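Some notes on the structure that comes next.
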Amino acid sequence: MKSKKLYYILIPVILICFWQTISYFKLVSPLFVPQPYEVLVDLFQSLVYGSMLIDTGYTLYRVLVGFSIAAVIGVPLGLLMGYSSRIYNALEFTVEFFRGIPTTALFPLFLLVFGIGDEAKFAVTAWGAGLVILINSMYGVHLGKELRVRVAKTMKVKGFELFSKVIFPEALPQIFSGFRVAISLSLIIVIVTEMFIGTNAGLGKRIIDAQLVYQTADMYASILMTGTIGFILNKIMLFIENRVVHWKGK
Amino acid sequence: MISVRSISKEFKKSSGTTRVIDGIDLEINNGEFVTVFGPNGSGKTTLLNLISGIDEPTFGAVLIDNKNPKDAKVGFVFQNYNESLFPWRTVIENIIFPLEVAKMDEEKRVKIAEHLLNGVGLLHSKDKHVYDLSGGQRQLISICRAIAYNPDILIMDEPFSALDYSTTRKMELELLDIWQEKKITTLFVSHDIDEAIFLADRVVVLSPRPATIKKIFEVKLSRPRTLDMLSSPEFTELRNAILNTFEYEK
Chain P
1 MKSKKLYYIL IPVILICFWQ TISYFKLVSP LFVPQPYEVL VDLFQSLVYG
51 SMLIDTGYTL YRVLVGFSIA AVIGVPLGLL MGYSSRIYNA LEFTVEFFRG
101 IPTTALFPLF LLVFGIGDEA KFAVTAWGAG LVILINSMYG VHLGKELRVR
151 VAKTMKVKGF ELFSKVIFPE ALPQIFSGFR VAISLSLIIV IVTEMFIGTN
201 AGLGKRIIDA QLVYQTADMY ASILMTGTIG FILNKIMLFI ENRVVHWKGK
Chain D
1 MISVRSISKE FKKSSGTTRV IDGIDLEINN GEFVTVFGPN GSGKTTLLNL
51 ISGIDEPTFG AVLIDNKNPK DAKVGFVFQN YNESLFPWRT VIENIIFPLE
101 VAKMDEEKRV KIAEHLLNGV GLLHSKDKHV YDLSGGQRQL ISICRAIAYN
151 PDILIMDEPF SALDYSTTRK MELELLDIWQ EKKITTLFVS HDIDEAIFLA
201 DRVVVLSPRP ATIKKIFEVK LSRPRTLDML SSPEFTELRN AILNTFEYEK
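What follows is the structure, encoded as structure tokens:
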């Protein structure tokens, strides 16, 4: 147990030592690479006295709203596409086409449609995350064990009951795999939208602002914060997944 | 009573039609235990699909208590218990499933499920997840689920072939206990000749594809069956007689 924990922190410690060495001996200009403790001090000060907590809050809020819209639309639509070959045939080309377009390429379009407020950020995040959720939900139905559906059919289960009691739970493990990819993707998209679509607060804005005025310590601190919430969001998702889809891999 | 009236099944392929079942006639009395023994790939599973109403014969008809199999209550136990049980449901919830679908009230269905679980000695495991049970126990749960809603016929497709020798023998005894209590009409497919004889009132021997009935053997061993019968002279004699039907094909 002890050695497992040791392995867990080994690489981070090496990375920090590496960073410390570079900045201490000024192998790279301190303007670009401040010392680790400066970043930590900045992180602490911005969190306690500054506006980083607010920025983090805004970013999280956008991630969660965007992700939720994506899930509410993506799961039912994906399940329907997996279930009905008619709906699949009707939507397959469109979905595959839009899936090929990087979400970032659609920023200008979303700006035109939704303006520069939070709506555009929600929409673009929901778009990117929604496609991932939709496709995973669809595969969830396709990859589900056919035998369970047959079992249910021998018991004369049909229609919505077959869908809700067998096909949906059967697809859940794959739906959650989609959720985990989508939550990370949502954070990426929100950060990028905050950088390039104007906003008053948010970690993305904070990173780009700090970079523009060479406050590199604050830039690193904001990146660190972004990484931390990404890590935590993924852990929370994994926790929920293990609770809900307790049978996965068994 | 199950009447199988000269059924044949053909599958259309690009290379032409393949006949899998060729004119099978069979009557199974109420409460009778019939086993079907035949070489692998002889169309046993297709035959079960036709009798259970999952698939329709090309020629001929199947009647279960004078009803179309699609309208009859069929309990089906598949070989692959891992892919036929619902892992998102607990043990008792799995057994309740067909009763829930039949809209039976909750108190009654719990009572039926608990009675069945008690019968196979698994009442203490009722709230466990199915993946926490052993293979043999899981298949017992499948059997309980299949008979929970008092089916007109219980159909079993090589249910024990994934289990080890001693578990298989134990399961056979459990199955006979349940059958004796419920007097449920049972059609059991096996590729294990000892199993086919040990369980049955009659053994139906199929020919290789396209399947026809080669011969039907009556098993005159007394009931309840005990494991020492496996080495009795009557048993050995019948076993030889059945194996002899395959002899002259070489």
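Sequence lines, in order, name chains P and D.
Here the first sequence is numbered in our numbering, starting from 1 and rising by one per residue.
Here the second sequence is numbered in our numbering, starting from 1 and rising by one per residue.
Built from N, CA and C at the ideal position, the CB exists for glycine as well.
All of these numbers come straight from a predicted model, not from anything done at the bench.
inquiry  = Against chain P, does lysine 264(D) count as a neighbour if the rule is that its beta carbon must be under 9 angstroms from one of theirs?
reply    = One cannot answer for residue 264(D) here, as it falls past the ends of chain D, which runs 1 to 250.
task = Please name the residue or residues paired with threonine 186(D) in a DSSP beta bridge.
result = Phe33(D) and Leu154(D)
key: Partner residues on chain P for proline 87(D), Cβ-Cβ distance less than 8 angstroms   = Trp247 and Lys250
inquiry  = Using a Cβ-Cβ cutoff of 7 angstroms, what residues of the stretch 44-69 of chain D are near chain P? List them in chain order.
reply    = Ser52 and Ile54
key: Neighbourhood of leucine 173(D) by C-beta, 7 angstroms cutoff - its chain only, sequence neighbours within 5 removed   = none
inquiry  = Let me check one thing: in DSSP terms, what residues is lysine 12(D) bridge-paired to?
reply    = Thr17(D)
key: Buried/exposed call for alanine 105(P), threshold 16 Cβ in 10 Å   = exposed
query = Does the Cβ of glutamate 93(D) lie closer than 8 angstroms to at least one heavy atom of the ligand FMN?
reply = This structure simply doesn't include the ligand FMN, nor any ligand for that matter.
query = Taking just the CA atoms, how far does leucine 60(P) sit from glutamate 119(P)?
reply = 15 angstroms
message = Using the three-state DSSP reduction, which class does threonine 212(D) fall into: helix, strand or coil?
response = coil
query = What does DSSP give as the partner residues of threonine 90(D) in its beta bridges?
reply = His129(D)
message = How far does the beta strand (DSSP E) with phenylalanine 76(D) in it extend, from its first residue to its last?
response = 74-77
request  = Consult DSSP for alanine 61(D) and reduce its assignment to one of helix, strand or coil.
outcome  = strand
inquiry  = Under 9 angstroms, Cβ to Cβ, is there at least one residue of chain D near arginine 150(P)?
reply    = yes
ask   = Does DSSP put serine 222(D) in a helix, a strand or coil?
value = coil
message = Please report whether the beta-carbon of glutamate 266(P) lies at a distance below 9 angstroms from any beta-carbon of chain D.
response = Because chain P in this structure spans residues 1 to 250, residue 266(P) falls outside the shown range and cannot be described.
task = Could you tell me the distance, in whole angstroms, from the CA atom of phenylalanine 37(D) to the CA atom of serine 190(D)?
result = 5 angstroms
key: Residues bridged to glutamate 27(D) [DSSP beta-bridge criterion]   = Ser3(D)
ask   = Within the 9 angstroms Cβ cut-off, does leucine 147(P) reach chain D?
value = yes
query = From the DSSP output, which residues share a beta bridge with leucine 175(D)?
reply = Paired residues: none, contrary to the question.
inquiry  = Give me the subset of the stretch 152-185 of chain D whose CB atoms are less than 7 angstroms from a CB atom of chain P, sorted by chain position.
reply    = none
inquiry  = Could you give the first and the last residue of the continuous beta strand (DSSP E) run that contains leucine 162(P)?
reply    = Leucine 162(P) -> not in any beta strand (DSSP E); alpha helix (DSSP H) instead, spanning 159-162.
query = What is the DSSP secondary structure of isoleucine 240(P), reduced to helix, strand or coil?
reply = helix
ask   = Any beta-carbon of chain D closer than 9 angstroms to the one on isoleucine 172(P)?
value = Looking at the sequence provided, one finds leucine at residue 172(P) rather than isoleucine. Closer than 9 angstroms to some Cβ of chain D, the Cβ of leucine 172(P) qualifies, so yes.
key: Unbroken beta strand (DSSP E) run spanning valine 205(D), endpoints   = 202-206
ask   = Taking Cβ-Cβ distances shorter than 8 angstroms, what residues in chain P pair up with glutamate 83(D)?
value = Lys145, Leu147 and Arg148
query = Can you tell me the Cα-Cα spacing of leucine 53(P) and alanine 210(P), whole angstroms?
reply = 16 angstroms
query = Using the rule of at least 16 other Cβ atoms within 10 Å of the residue's Cβ for burial, across every protein chain shown, is arginine 86(P) buried or exposed?
reply = exposed
query = If you scan the stretch 149-203 of chain P from start to end, which runs of the alpha helix (DSSP H) of 4 or more residues do you find wholly inside it?
reply = 159-162 and 168-196
query = Does the beta carbon of valine 75(P) come closer than 9 angstroms to any beta carbon on chain D?
reply = no
key: Host alpha helix (DSSP H) of tryptophan 127(P) (start-end)   = 118-143
key: chain P contacts from the stretch 90-102 of chain D (Cβ-Cβ distance under 9 angstroms)   = Phe97, Pro98, Glu100, Val101 and Ala102
message = For arginine 99(P), tell me which candidate among Phe114(P), Gly66(P), Ile133(P) and Lys121(P) has the shortest Cα-Cα distance.
response = Ile133(P)
request  = Could you give the DSSP three-state label for lysine 70(D): helix, strand or coil?
outcome  = helix
query = Which of helix, strand or coil does DSSP assign to aspartate 194(D)?
reply = helix
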